[in-house]
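Student:
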Amino acid sequence: MPSHSNPTPIKGNLNAPGILIAQQLDGVKAGKVVKQCRNELDPLGSCLYGTSVFAHFDHGKQTEKTKDTDDKIVIGYTCDGLPFQIVVDGFYGGETKKTFEFIDKHVTPLMDNYAEKLSKNNDPEETIKDLIRTIYTLRATHSTGSEFTMSIAITYQKDSRLYCAGFGIGDTGLILQKSSGETQQLAYTTHVNRFKDAFDQITTDIDSTSLYWPWPVLSSSSKRNTQKYV
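Those letters in the sequence shown? Residues 0 to 229, by numbering that gives the first Met the number 0.
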């Protein structure tokens, strides 16, 4: 189970100069529990918890059959020091390693670019839809074997305030929790193409995706240590 418990800067990619990966988890072996917390370069205290909840039944009785997870989580910070999160669920029986590599090489590097676009543009909905279309195109070009559903949350600054925007496609979800304890469900399960809702279906209807924009977070003067995604 490859995982990274130490912050990992992305280097050699012009789309992501200085992005910091604070926590990353690439799947969990069946029967294992992984908890990654605390690292020196992440004062906000990001934490990952992962385990397999797979259950197999035969004639109404649970069996001993187990399965490694095909899920991936990335917690990072843009060049402006603002958090983003990527949650991915791979497809059972699919090419999990190829999916994880695609996210690392082509999706994570987009976060800083789209945080900047969100801060400059006045149409966050169209900006997020453009991000979805970009991921579709990248997958079709570089990784046709990747099958996954995904949610993304990006924090950005505009007019001296912080907001988060993003989307969810398929069976992944995200919740924003403020320091006040207030919570807001961002991404939720959507069904857009038969039983499989993911980026392997170019016919997916973007308008039926769970899009969220822009959710106000706080004033920029107190932007540190005030929010978390769950």
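Ideal placement from N, C-alpha and C gives every residue a C-beta, glycine not left out.
1) Using the Cα positions of K128 and V106, report the straight-line distance between them to the nearest angstrom.
2) So, do the stretch 107 to 127 and the stretch 86 to 97 have three or more beta carbon pairs nearer to each other than 8 Å?
3) Evaluate S178 with the Cβ neighbour count: other Cβ atoms within 10 Å of its Cβ, from every protein chain shown; 16 or more gives buried, anything less gives exposed.
4) Within the continuous alpha helix (DSSP H) that includes D25, where are the two ends?
5) Helix, strand or coil for L130 per DSSP?
6) Using a threshold of 8 Å, state whether the C-beta atoms of G172 and S150 are closer than that.
7) Rounded to a whole number of angstroms, what is the C-alpha to C-alpha distance between T7 and D158?
8) When the Cα atoms are used, what is the spatial distance from L24 to D103?
9) Apart from the five residues just before and just after I74, which ones in its own chain have a Cβ nearer than 6 Å to its Cβ?
10) Does DSSP put T123 in a helix, a strand or coil?
11) If you follow the beta strand (DSSP E) that K177 is in, where does it begin and where does it stop?
12) Can you tell me which of I72, C36 and L81 puts its alpha carbon nearest to the alpha carbon of L19?
13) How is the alpha helix (DSSP H) around T148 delimited, first residue to last?
14) Just to check my reading of the structure: C163 and I153 have Cβ atoms closer than 8 Å, yes? What is that Cβ distance to the nearest angstrom?
15) Taking T77 as the reference, which of E100, T68, A114 and R160 has the closest Cα?
Tutor: On the basis of the coordinates in this document:
1) 14 Å
2) At 8 Å Cβ cutoff, the stretches do not touch.
3) exposed
4) Not the alpha helix (DSSP H): D25 falls in the beta strand (DSSP E), residues L19 to D25.
5) helix
6) yes
7) Per-residue confidence for T7 stands at a pLDDT of 47, beneath the threshold of 50, marking its modelled position as unreliable; no derived number is given.
8) 11 Å
9) A21, Q22, S45 and Q84
10) Here residue 123 is Pro; the residue named in the question, Thr, does not match the sequence. If DSSP states are grouped into helix, strand and coil, P123 belongs with the helices.
11) L173 to K177 is the span of the beta strand (DSSP E), which, as asked, contains K177.
12) L81
13) Segment F147 to K157 is the beta strand (DSSP E) holding T148; no alpha helix (DSSP H) there.
14) 6 Å
15) A114
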